[in-house]
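Numbering (our numbering), first residue to last: 128 to 244.
Every residue, glycine too, gets a C-beta built ideally from N, C-alpha and C.
Nothing here was measured: the structure is a model prediction, and the numbers come from that model.
What follows is the structure in structure tokens.
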């Protein structure tokens, strides 16, 4: 069973648009499609994603795990592990690595929630 060819009917609302207008319309629709995915990426994260971010910041997987676990316990993972370590480093005027290692040692956890106030 062949599908009826209704291309001419479906494209009527686009028929009078110039190439430039079609180009703009395409990107407008593409942005609408991608926007929910970008929003989800900003709102939702996982421990695996956050460990991956810390790996890219120079921490080993053995070092990343206790940082992410600590953030999970304190319900701060939504702020982003890398962001938490970075902001702590800025607050304490330490290199990023040293700030992260201090968290692994159980230090400075009391400062992390205040980084977002």
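With a 10 Å radius around the Cβ and a threshold of 16 neighbouring Cβ atoms, residue 151 comes out exposed.
With respect to the C-alpha of residue 199, the residue from 223, 167, 240 having the closest C-alpha is 240. One alpha carbon belongs to residue 188, the other to residue 128, and they sit about 56 Å apart.
Residue 226 counts as buried, since at least 16 other C-beta atoms from the protein chains shown sit within 10 angstroms of its C-beta. In the three-state reduction of the DSSP assignment, residue 130 falls in the coil class. In this model, residue 177 and residue 233 are separated by some 19 Å (Cα to Cα).
One thing to note: residue 141 has its Cβ within 8 Å of the Cβ of residue 149.
If you check the CB distance, residue 215 and residue 238 come in under 8 Å.
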